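Q: The structure under discussion is supplied below as structure tokens; questions concerning it will follow.
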Amino acid sequence: MSHPALLQLGLTRRAALIGAAIVASAARSVEAAEDAAARLAQLERRDGGMLGVEVRDTATGRRFGHRADERFPLCSTFKAIAAAAVLARADTGEDDLSRRIAYGHDALLSYAPVTSKHVETGMTLAELCAAAVVWSDNTAANLMLDTIGGPEGITAFARAHGDTVTRLDRTEPTLNTAIPGDVRDTTSPAAMVGLLDNVLLGRALSAESRARLVGWMHDSPTGLKRVRAGLPAGWRTADKTGTGDNGTANVVALIHRPDGAPILSAVYLTGSPAEPAARDALHAEIGRLIARILPGT
Numbered sequence: 004m005s006h007p008a009l010l011q012l013g014l015t016r017r018a019a020l021i022g023a024a025i026v027a028s029a030a031r032s033v034e035a036a037e038d039a040a041a042r043l044a045q046l047e048r049r050d051g052g053m054l055g056v057e058v059r060d061t062a063t064g065r066r067f068g069h070r071a072d073e074r075f076p077l078c079s080t081f082k083a084i085a086a087a088a089v090l091a092r093a094d095t096g097e098d099d100l101s102r103r104i105a106y107g108h109d110a111l112l113s114y115a116p117v118t119s120k121h122v123e124t125g126m127t128l129a130e131l132c133a134a135a136v137v138w139s140d141n142t143a144a145n146l147m148l149d150t151i152g153g154p155e156g157i158t159a160f161a162r163a164h165g166d167t168v169t170r171l172d173r174t175e176p177t178l179n180t181a182i183p184g185d186v187r188d189t190t191s192p193a194a195m196v197g198l199l200d201n202v203l204l205g206r207a208l209s210a211e212s213r214a215r216l217v218g219w220m221h222d223s224p225t226g227l228k229r230v231r232a233g234l235p236a237g238w239r240t241a242d243k244t245g246t247g248d249n250g251t252a253n254v255v256a257l258i259h260r261p262d263g264a265p266i267l268s269a270v271y272l273t274g275s276p277a278e279p280a281a282r283d284a285l286h287a288e289i290g291r292l293i294a295r296i297l298p299g300t
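What follows is the structure, given as structure tokens:
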């Protein structure tokens with residue numbers, strides 16, 4: 004056999020081996036996603052209620068989930084989006100993060116760990132965003148909503164960035180009723196991951212505003228017992244939790260692996276009869292599942 008023919012044969016074999024490896028890798032990815040979906044369904048049956056999950060590797064597009072396109076109550080996960088909407092207005096000069104906003108005692112809700120300390124002085128818009136995202140301060144969230152046109156401003160922001168599902172209809176605290184079948188104040192896990200992709204990694208915000216929002220989410224202690232608790236040491240997480248009536252416990256997150264591109268996740272649980280600690284433990288199990296299915300390179 005001539006040298007060119009041998010060379011061609013070698014190239015053909017190499018291409019076949021590469022093709023086989025790609026097919027095998029794709030098959031393993033599908034199998035892993037199916038295994039993960041089965042595990043999520045098992046967790047849902049074990050703890051009761053409805054569990055919605057969307058997890059996406061932003062580098063490869065690999066994903067897994069459960070009830071990813073069904074609606075779930077947003078609860079306080081909306082605060083990350085509200086902060087993004089405020090930051091977007093600041094990016095375009097429509098508002099100023101240093102603007103001081105005055106409010107009275109009558110504006111304080113029952114959960115106002117930060118705003119309750121600053122009634123006499125008011126707070127800047129940036130400080131309100133931080134209070135809402137880091138500490139989930141409900142009064143701060145409502146004051147933020149006032150600057151973007153109310154709950155409708157969240158819905159409009161979502162639509163402007165390709166999310167046709169997420170909607171906010173009420174303010175704190177009534178948006179947390181989580182009534183079964185009520186479409187008000189809801190999202191789907193898949194829609195939320197898509198919106199987070201635009202907000203935290205895409206072009207919805209300037210680089211400075213993205214970094215600011217991710218920093219607030221990273222500094223929040225409210226999710227330490229949820230998905231974060233199941234992730235390996237060295238994985239850096241920025242998240243926003245949400246907790247409401249009817250056994251509702253949520254967390255949305257941007258997860259940075261030490262040696263891989265970020266992962267986006269949205270975990271929504273509602274109607275669960277489990278105790279709060281058990282709901283947190285379920286979230287932690289999903290964190291461990293994420294690390295097993297998408298370990299990075």
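The sequence shown: position 10 = 13 (our numbering), numbered continuously.
All C-beta atoms, glycine included, are put in the ideal place defined by N, C-alpha and C.
Remember, it's a predicted structure, so these values are computed and weren't measured experimentally.
1) How far does the beta strand (DSSP E) with S314 in it extend, from its first residue to its last?
2) To the nearest angstrom, how far is the alpha carbon of D185 from that of G55?
3) Quick check: what's the CA-CA separation for R229 versus D98?
4) Cutting at 7 Å between CB atoms, please list the residues of its own chain near L43, excluding the five before and the five after it.
5) Rounded to whole angstroms, what's the CA-CA distance from A39 to G233? Just pull it up for me.
6) Between L128, A269, H108, which has its C-alpha nearest D60's C-alpha?
7) Give, in chain order, every unbroken run of the alpha helix (DSSP H) that is at least 4 residues long and sits entirely within the segment 75-159.
8) Rounding to the nearest angstrom, what Cα-Cα distance links R65 and G152 in this structure?
9) Since G218 is in the alpha helix (DSSP H), which residue starts that stretch and which ends it?
10) Should S268 be flagged as near chain B, meaning a C-beta pair shorter than 8 Å?
11) Who are the near neighbours of E288 in its chain, counting only those whose CB is closer than 7 Å to its CB and skipping five residues on each side?
12) Express the C-alpha separation of R239 and A264 in angstroms, rounding to a whole number.
13) Along the beta strand (DSSP E) that carries A241, what are the first and last residues, could you check?
14) Decide yes or no for the touch test of the segment 158-168 against the segment 83-90: beta carbon pairs closer than 8 Å, at least 3 of them.
15) Contact defined as beta carbons within less than 8 Å: I believe L267 pairs with D200. What is the distance between those atoms, to the nearest angstrom?
16) First and last residue of the beta strand (DSSP E) that includes A284?
17) Helix or strand or just coil, what does DSSP make of E73?
18) I25: buried (16+ other C-beta within 10 angstroms of its C-beta) or exposed?
19) Looking at the unbroken beta strand (DSSP E) that takes in R229, where does it start and where does it end?
A: Per the coordinate set shown:
1) There is simply no residue 314 to check, as the chain begins at 4 and stops at 300 in what is shown.
2) 16 Å
3) Looking at the two C-alpha atoms, the distance is approximately 34 Å.
4) L54, V56, H69
5) 15 Å
6) A269
7) 81-94, 128-137, 141-150
8) 36 Å
9) 210-222
10) No chain B is present in this structure, which holds just one protein chain.
11) L46, G233
12) 12 Å
13) 239-247
14) Segments in contact, yes.
15) The Cβ separation is near 6 Å, so the contact holds.
16) Run containing A284: none in the beta strand (DSSP E); it sits in the alpha helix (DSSP H), 279-296.
17) E73: coil per DSSP, three-state reduction.
18) With a pLDDT of 46 at I25, under the threshold of 50, the modelled position of that residue is not reliable, and no figure is offered here.
19) Counting along the chain, R229 falls outside any beta strand (DSSP E), and DSSP gives it neither H nor E.
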